[in-house]
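Engineer: Numbering (this note's numbering), first residue to last: 76 to 839.
Built from N, CA and C at the ideal position, the CB exists for glycine as well.
Take this structure, written in structure tokens, and hold onto it; I'll ask about it next.
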DNA sequence: GGTTTTGATATTTAGACAGCATGTC
DNA sequence: CTAAATATCAAAACC
């Protein structure tokens with residue numbers, strides 16, 4: 076048990092004593108998680124566990140059951156419904172795996188739902204290894220990852236994002252309707268206004284489709300996890316235990332005061348609080364993540380963090396970082412990458428969603444391996460893949476919100492960031508530290524974050540936005556055939572479980588009206604049926620509002636001067652595309668608006684909405700530059716965007732253009748061709764002239780452009796080239812050249828010089 | 001004379017799922 | 001409408 080230093084002082088000054096205002100009493104500290112040896116329970120002693128499971132787990136590095144798992148594991152194995160509310164990194168995945176594997180060994184299928192694609196990969200790797208040891212087949216299904224086999228039905232366990240699972244249900248994947256076990260990871264996400272309703276509807280649907288299926292919901296510790304358990308008819312297990320003890324504290328001046336009352340001086344010569352906290356920990360062999368509220372802060376801070384990390388780099392660290400930095404420079408070198416490389420050489424890095432996925436992954440790997448000593452990050456890192464640090468500094472507890480200025484971040488979010496502290500196997504304790512600038516702030520932070528309970532989570536299904544898409548999908552997938560069935564389904568949701576349903580009823584009626592008016596569904600008496608349009612919209616997984624807007628735009632095709640910009644703006648004006656921010660220097664967009672007026676398919680917005688129109692145009696303009704092969708660095712500057720932003724806009728555009736193409740197939744056949752071509756251009760980021768070359772395997776935008784420059788303007792011209800000529804083209808090596816010729820029906824082996832020893836060729 | 005520091009003022013603000021059918025430098 | 005950190009630019013201090 077921690078010894079209290081300076082009790083007297085603590086009694087007077089500790090921010091953890093009750094505050095003066097009796098109306099807001101500070102709850103007493105939670106019982107200390109015991110750092111003492113804990114009673115582990117062997118896997119083999121779980122009642123009824125299949126004897127094949129424990130050895131498979133042990134072979135994959137899992138040990139005995141931690142206290143946090145001991146109550147839940149037997150329930151999971153016995154096939155019971157379960158809501159497990161535990162802190163991050165306390166081993167809740169293992170409980171889910173136990174449930175899935177137990178069911179699968181009995182021949183029932185399992186589904187593991189996650190909110191992030193990166194998380195899907197992580198869980199898939201885990202389960203694949205376990206499955207291999209048990210003779211079970213595991214697959215992954217997300218928007219951007221190969222489902223190894225389109226016949227997902229053949230797999231015993233499928234890992235999927237909730238949206239992907241929802242999409243599969245809309246396509247009436249029969250195998251999904253008789254799942255034996257459904258795991259919902261991070262169920263507290265049900266309270267997210269954007270994506271929560273999908274998870275909620277999905278769980279309600281599974282409950283309806285197969286009431287005997289086992290549901291295991293994993294949650295962060297939230298106030299009303301019991302309520303979720305009641306809704307799901309599940310046992311509720313809540314623990315605070317963590318394998319690595321977590322200490323939360325507040326830095327004020329030069330010392331940290333922890334919630335147990337202990338004080339600790341920060342040893343550093345650096346002035347700035349975040350830097351001092353970093354140097355203090357890194358010098359003692361620790362690692363640090365500093366959470367801040369903006370991307371810019373993340374970069375500015377990382378540049379300064381170097382002062383705190385550089386001194387602690389070993390030669391091995393330096394070598395690894397030098398190698399990694401070199402790989403970074405291999406790609407188009409943008410200023411963000413230069414900046415990142417500079418930080419990395421000093422042992423620190425920044426991490427936010429503006430980085431490309433590869434860059435984010437690189438930073439994560441280097442930090443995990445201990446080569447990077449400190450990271451500054453936006454909340455991406457708190458919700459994403461498992462990336463712990465010995466010390467977590469939550470620097471910014473407020474974040475800008477468009478509606479209300481700077482607002483305190485949710486307690487749940489603070490807890491998730493704090494929960495990243497403590498690396499199992501490396502650290503005895505993890506520290507989560509916030510910074511107080513004034514004496515008063517200490518008390519405020521303590522009461523509002525460290526000792527505060529995370530918020531309740533509330534269903535966000537009651538908004539028309541959420542209902543529009545889910546009511547349509549219910550009807551289109553024939554889960555619901557009339558008003559009574561719709562009511563019955565709505566009554567089975569978490570929303571209905573927690574609130575009066577009259578609001579829901581009223582909004583549902585309005586949504587039905589919207590769907591009827593726009594001919595997404597038809598009604599005969601009380602019975603509903605989706606139109607061809609409605610069915611397709613549901614399957615395409617776009618917001619019905621987007622689809623209606625796209626249809627309206629397509630109807631004007633004859634009146635406008637049709638260019639790529641016409642369609643790019645059409646999709647950018649859709650609620651499924653989040654537009655780029657409008658910034659100070661963006662006045663040029665007004666000019667574009669004038670020039671392009673004849674090309675725009677959507678009626679221009681005026682007055683107060685003019686800025687929205689310009690923001691849509693900005694997004695469309697970025698996509699237009701992309702397909703005109705504008706140099707990336709130039710684009711990033713022009714739009715104030717990051718590489719990751721371009722990638723995400725391109726991804727969304729591809730998806731919406733496909734939807735546009737399909738909608739055109741129904742209503743405006745003559746528009747399909749230009750849209751198909753545009754979609755290909757967006758996919759590759761290239762002008763139309765390169766499209767034939769881009770169909771070749773191994774040829775992307777860069778190689779295609781090089782081939783074009785070398786005079787190969789068509790596949791025919793290319794087919795006549797000699798192997799030697801091709802290899803002289805910038806970016807085309809012997810391997811690619813051979814593959815191109817082979818694809819064009821030539822026999823490169825006859826022409827190619829014998830491959831040098833050790834060099835791999837494509838046709839071996 | 002040129003450079004750095006200081007200070008007032010202007011500017012900006014987290015994240016990321018989905019179709020379908022195969023592969024960038 | 002709200003806030004705070006960072007960027008920017010000009011003036012002042014410094015070498």
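Starting from the C-beta of residue 552, find all residues in its chain whose C-beta is less than 8 Å away, skip the five residues before and the five after it, and write them out in chain order.
Structural biologist: For the purposes of this step, residue 552 is taken as the residue at position 477 of the first chain. When the five nearest sequence neighbours on each side are left out, the beta carbons in the same chain lying within less than 8 Å of the beta carbon of residue 552 are those of 244, 245, 247 and 613, in order along the chain.
Engineer: With DSSP collapsed to three states, give me the class of residue 742.
Structural biologist: Counting from one through the first chain, the residue named residue 742 turns up at place 667. In the structure shown, residue 742 sits in a helix (DSSP, three-state: H, G or I).
Engineer: For residue 449, count neighbouring C-beta atoms within 10 Å of its own C-beta (all shown protein chains included) and say buried if the count is 16 or more, exposed if not.
Structural biologist: Translated into the one-based positions of the first chain, residue 449 becomes position 374. Under this definition residue 449 is a buried residue.
Engineer: From the DSSP output, which residues share a beta bridge with residue 507?
Structural biologist: Reading the first chain from its first residue, position 432 is the one you call residue 507. The partner list for residue 507 (beta bridge, DSSP) reads 323 and 467.
Engineer: Mapping DSSP to helix, strand and coil, what is residue 557?
Structural biologist: Along the first chain, read from residue 1 onward, the residue named residue 557 stands at position 482. Reduced to three states, the DSSP call for residue 557 is strand.
Engineer: Given that a residue counts as buried once 16 or more other Cβ atoms are within 10 Å of its Cβ, and exposed if not, what is residue 577?
Structural biologist: The sequence position of residue 577 within the first chain is 502, counting from 1. The residue in question, residue 577, is exposed, as its Cβ has fewer than 16 Cβ neighbours within 10 Å.
Engineer: Nearest to residue 491 by alpha carbon, out of 342, 466, 522 and 457?
Structural biologist: Counting from one through the first chain, the residue named residue 491 turns up at place 416. Measuring from the Cα of residue 491, the nearest candidate turns out to be 457.
Engineer: Decide if the segment 627–638 is in contact with the segment 675–683; the criterion is three or more beta carbon pairs, one per stretch, under 8 Å apart.
Structural biologist: yes
Engineer: Are the segment 146–166 and the segment 280–294 in contact at 8 Å, needing three or more beta carbon pairs?
Structural biologist: yes
Engineer: Can you give the Cα-Cα distance for residue 383 and residue 465, rounded to whole angstroms?
Structural biologist: Sequence index remark: in the first chain, residue 383 carries index 308 (1-based). Sequence index remark: in the first chain, residue 465 carries index 390 (1-based). Distance between the alpha carbons of residue 383 and residue 465: 15 Å.
Engineer: Is DSSP giving residue 231 helix, strand or coil here?
Structural biologist: Indexing the first chain from 1 puts residue 231 at position 156. Three-state result, residue 231: coil.
Engineer: Does the beta-carbon distance from residue 564 to residue 283 come in below 9 Å?
Structural biologist: By one-based count along the first chain, residue 564 stands at place 489. By one-based count along the first chain, residue 283 stands at place 208. Pairing residue 564 with residue 283 gives a Cβ-Cβ distance under 9 Å.
Engineer: In the DSSP assignment, what are the bridge partners of residue 491?
Structural biologist: By one-based count along the first chain, residue 491 stands at place 416. Bridge partners of residue 491: none, in fact.
Engineer: Here's the rule I'm using: 16 or more other beta-carbon atoms within 10 Å means buried, otherwise exposed. How should residue 477 be labelled?
Structural biologist: Walking along the first chain from the start, residue 477 turns up at place 402. Residue 477 comes out exposed.
Engineer: List, from N- to C-terminal side, the alpha helix (DSSP H) runs of 4 residues or more that fit wholly inside the segment 394–466.
Structural biologist: Unbroken alpha helix (DSSP H) runs of no fewer than 4 residues, entirely contained in the segment 394–466, are found at 410–420, 432–443 and 455–458, following chain order.
Engineer: In chain order, what residues of the same chain have a beta carbon less than 7 Å from the beta carbon of residue 834, not counting five sequence neighbours either side?
Structural biologist: Here residue 834 refers to the residue found at position 759 when the first chain is read from its first residue. In this predicted model, residue 834 has a pLDDT of only 42, less than 50, meaning its place in the structure is not dependable enough to derive any value.
Engineer: In the DSSP assignment, find the alpha helix (DSSP H) that holds residue 550 and state where it starts and stops.
Structural biologist: For this step, residue 550 is matched to residue 475 along the first chain. 539–551 is the span of the alpha helix (DSSP H), which, as asked, contains residue 550.
Engineer: Evaluate residue 361 with the Cβ neighbour count: other Cβ atoms within 10 Å of its Cβ, from every protein chain shown; 16 or more gives buried, anything less gives exposed.
Structural biologist: Mapped onto the first chain, residue 361 falls at position 286. Buried, by the Cβ-count rule.
Engineer: Quick one: residues in its chain with C-beta nearer than 8 Å to the C-beta of residue 426, no 5 flanking neighbours on either side, listed in chain order?
Structural biologist: The residue labelled residue 426 in the question sits at position 351 within the first chain. Non-local beta-carbon contacts of residue 426 in its own chain, meaning distances under 8 Å to residues more than five positions away in sequence, involve 373, 435, 438, 439, 450, 451, 452, 453, 455 and 456 in chain order.
Engineer: Mind listing, in chain order, the continuous alpha helix (DSSP H) runs of no fewer than 4 residues lying wholly within the segment 327–385?
Structural biologist: 348–358 and 370–384
Engineer: Does DSSP put residue 297 in a helix, in a strand, or in coil?
Structural biologist: Indexing the first chain from 1 puts residue 297 at position 222. Residue 297: coil per DSSP, three-state reduction.
Engineer: In whole angstroms, what is the alpha-carbon distance linking residue 755 and residue 597?
Structural biologist: For the purposes of this step, residue 755 is taken as the residue at position 680 of the first chain. For the purposes of this step, residue 597 is taken as the residue at position 522 of the first chain. The alpha-carbon atoms of residue 755 and residue 597 are separated by roughly 35 Å.
Engineer: With DSSP as the reference, label residue 474 as helix, strand or coil.
Structural biologist: Position 399 of the first chain, counted from the start, is the residue given in the question as residue 474. Strand, per DSSP.
Engineer: By Cβ distance, which residues of its chain are closer than 7 Å to residue 579, with the 5 residues on each side in sequence left out?
Structural biologist: Here the question's residue 579 lines up with position 504 in the first chain. Only 537, 565, 570 and 571 meet the Cβ criterion.
Engineer: Quick one: using the 10 Å Cβ neighbour count with 16 as the cut-off for buried, is residue 370 buried or exposed?
Structural biologist: Residue numbering aside, residue 370 sits at position 295 when the first chain is read from its first letter. Residue burial annotation: residue 370 is buried, with at least 16 other C-beta atoms found within 10 angstroms of its C-beta.
Engineer: According to DSSP, what are the bridge partners of residue 481?
Structural biologist: Residue mapping note: residue 481 aligns to position 406 of the first chain, counting from 1. Paired residue(s): 475.
Engineer: Is it right to say residue 306 is buried, meaning 16 or more other beta carbons lie within 10 angstroms of its own, or is it exposed?
Structural biologist: The residue you call residue 306 lines up with position 231 of the first chain. By the neighbour-count rule (16 or more Cβ atoms within 10 Å), residue 306 is buried.
Engineer: Of all the alpha helix (DSSP H) runs that stay within the bounds of the segment 130–168, which reach a length of 4 or more residues?
Structural biologist: 142–145 and 147–152
Engineer: Should residue 513 go down as buried or exposed, given a rule of 16 or more other Cβ atoms within 10 Å for buried?
Structural biologist: Position 438 of the first chain, counted from the first residue, corresponds to residue 513. By the 10 Å Cβ count, residue 513 comes out exposed.
Engineer: Is residue 217 helix, strand or coil by DSSP?
Structural biologist: Here the question's residue 217 lines up with position 142 in the first chain. Three-state DSSP puts residue 217 in a strand.
Engineer: Considering only the alpha carbon of each residue, which of 349, 330 and 335 lies closest to residue 341?
Structural biologist: By 1-based counting over the first chain, the position of residue 341 is 266. Closest option to residue 341, Cα to Cα, is 330.
Engineer: For the structure I just gave you, are there three or more beta carbon pairs, one from the segment 339–355 and one from the segment 178–187, closer than 8 Å?
Structural biologist: no
Engineer: If distances are taken between C-alpha atoms only, which option among 262, 421, 443 and 162 comes closest to residue 320?
Structural biologist: For the purposes of this step, residue 320 is taken as the residue at position 245 of the first chain. Looking at the Cα atoms, 162 is the closest of the given residues.
Engineer: If I measure Cβ to Cβ from residue 772 and keep anything under 7 Å in the same chain, skipping five residues before and after, which residues do I get?
Structural biologist: On the first chain, position 697 is the one that residue 772 refers to. Contacts found: 814 and 818.
Engineer: Spatial neighbours of residue 493 within its chain, please: CB distance less than 8 Å, with the 5 preceding and 5 following residues excluded, ordered by chain position.
Structural biologist: On the first chain, position 418 is the one that residue 493 refers to. Once the five neighbours on either side are set aside, the close Cβ partners of residue 493 are 321, 323, 467, 469 and 507.
Engineer: Pick from 650, 231, 500 and 519: whose alpha carbon is nearest that of residue 483?
Structural biologist: If you number the first chain from 1, residue 483 lands on position 408. That would be 519, whose Cα lies nearest to the Cα of residue 483.
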